[in-house]
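Residue numbers (the working numbering): 4 to 397.
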């Protein structure tokens, strides 16, 4: 056998092995993306998505479960591509099957769809590290800069204001502070056209950067493109969706709820507690472990009622406790209740007293007043401290 033939055979063998590996990896990857089981409340439409999934066909094996892909017309079969959302609605209580075909041809697996009469979730009370990336570069404020000739200038004054989000410069989209600085310096002293999102509307503004004494071109604006902190996980439902904090994450300078592109949850460890006192709220201090191996989930929304998203398998498998029926505002009454928290290092339920319930409050996160009466928690924290917001009430 000549050397050329041996080389060709080795390359052919390598190709076959690589193909088998790719197929196996894809099969395993898709298997992780597609859950084995989903739960929906009877006669309520639930929205789902499988991030990173290949082209897939979903089909219902029962008329009791209908699918949707954005249309008002229900279907028994839909086609979705990576990242697209779809809806499931269950008409009657029971367990049904939803079939999955890759590329519309290869039968991959069946998803069990449980149609239930109430929504259930596991109450958590666990600390989590939070990292958010803003949707655009958030403007904190404007200020003076010292020009190359030693004079003071404020190029952005009256043009940009706190709460603006810079989305692009001269038509080029930007997503981080470093790119903004780079583009401003490339622009030099020419007028820069900024695409800005202000109070939900997109506008364009023009300003002229100045050459400063440190050798850079600057706009005279303070900006931020991310935020992080420690909070409490409230619940994880049976589909792996979570809710945390019970209030939105606001920028420390502007006070506005940060408009986010996305974010992630990470492992964290509470290192200390500064007890609260009259007129002075306490605070939890700790460390967040960033990195792929420490990730717990993905944040999809930052709202006035909290942050929401999905947890990963590692977090789901670490959950303890049984799912409980989720209560609604009308189910809350004054009297004894409990909050679940791991502020002591282990998950415990602490006694509280619900003193007031406002059933008509427009703010979902401010519908009741509670008082901590548990002696152990009072000795530990002095009450509810910053970082405990989102502790589930039982």
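Here a beta-carbon is modelled for each residue, glycine too, at the ideal position from N, C-alpha and C. Fair warning: this is a prediction, and the values are worked out from it, not measured in the lab.
Inclusion of residue 246 and residue 319 in the CB contact set at 9 Å is not warranted, their separation being larger than that value. Taking the CA atoms as reference points, residue 289 sits about 25 Å from residue 355. In this chain, residue 382 is not harboured by any beta strand (DSSP E); it is covered by the alpha helix (DSSP H) spanning 378 to 384. In the DSSP annotation of this structure, residue 143 is not part of any alpha helix (DSSP H); the continuous beta strand (DSSP E) holding it starts and ends at 123 to 145. By the Cβ criterion, the segment 143 to 159 is in contact with the segment 221 to 229, since at least three pairs of Cβ atoms, one from each stretch, lie closer than 8 Å. In the DSSP secondary-structure assignment, residue 205 is bridged to 200. In the DSSP assignment, residue 261 falls outside any beta strand (DSSP E), carrying neither H nor E. DSSP places residue 113 inside the beta strand (DSSP E), whose first and last residues are 109 to 119.
By the Cβ-count criterion, residue 106 is exposed, with fewer than 16 other Cβ atoms from all chains shown falling within 10 Å of its own Cβ. In the three-state scheme derived from DSSP, where H, G and I count as helix and E and B as strand, residue 271 is classed as strand. The continuous stretches of alpha helix (DSSP H) do not include residue 389, and DSSP gives it neither H nor E.
By the criterion of a C-beta distance shorter than 6 Å, residue 80 is surrounded in its chain by 62, once the five residues flanking it on both sides are discounted. Here residue 384 is buried, its C-beta having at least 16 other C-beta atoms within 10 Å. Taking a contact to require three or more Cβ pairs closer than 8 Å, the segment 63 to 71 and the segment 85 to 104 qualify as touching. Nearest in C-alpha terms to residue 131, of all of 88, 392, 204, is 392. In the three-state scheme derived from DSSP, where H, G and I count as helix and E and B as strand, residue 79 is classed as coil.
Sixteen is the threshold: since fewer than 16 other Cβ atoms of the shown chains lie within 10 Å of the Cβ of residue 317, the residue is exposed.
Within the same chain, 44, 329 come within 6 Å of residue 122 by CB-CB distance, once the 5 residues on both sides are set aside. Within its own chain, the residues whose Cβ lies closer than 8 Å to the Cβ of residue 160, once the five positions on either side in sequence are excluded, are 145, 223, listed in chain order. Between residue 230 and residue 309, the gap from beta carbon to beta carbon reaches 9 Å or more.
At a Cβ-Cβ threshold of 9 Å, residue 379 and residue 347 count as neighbours.
Under the three-state reduction of DSSP, residue 193 is assigned to coil, being neither helix nor strand. In the three-state DSSP reduction, residue 48 falls in the strand class (E or B). When the beta-carbon positions are compared, residue 141 and residue 254 come within less than 9 Å of each other. A distance below 9 Å separates the beta carbons of residue 214 and residue 192.
Around residue 286, the same chain offers 277, 388, 389, 390 as residues with beta carbons nearer than 7 Å, after the five sequence neighbours per side are excluded.
Apart from the 5 residues on each side of it in sequence, residue 125 sits with its Cβ closer than 6 Å to the Cβ of 239, 322, 324, 326 in its chain, given in chain order. A straight-line Cα-Cα distance of about 15 Å links residue 357 and residue 343. Under the three-state reduction of DSSP output, residue 323 falls in the coil class, being neither helix nor strand.
Listed in chain order, the non-local C-beta contacts of residue 112 below 6 Å within the same chain comprise 103, local neighbours out to five positions each way being set aside. For residue 61, the three-state secondary structure derived from DSSP is strand. Going by DSSP, residue 287 is part of the beta strand (DSSP E) stretching over 286 to 292.
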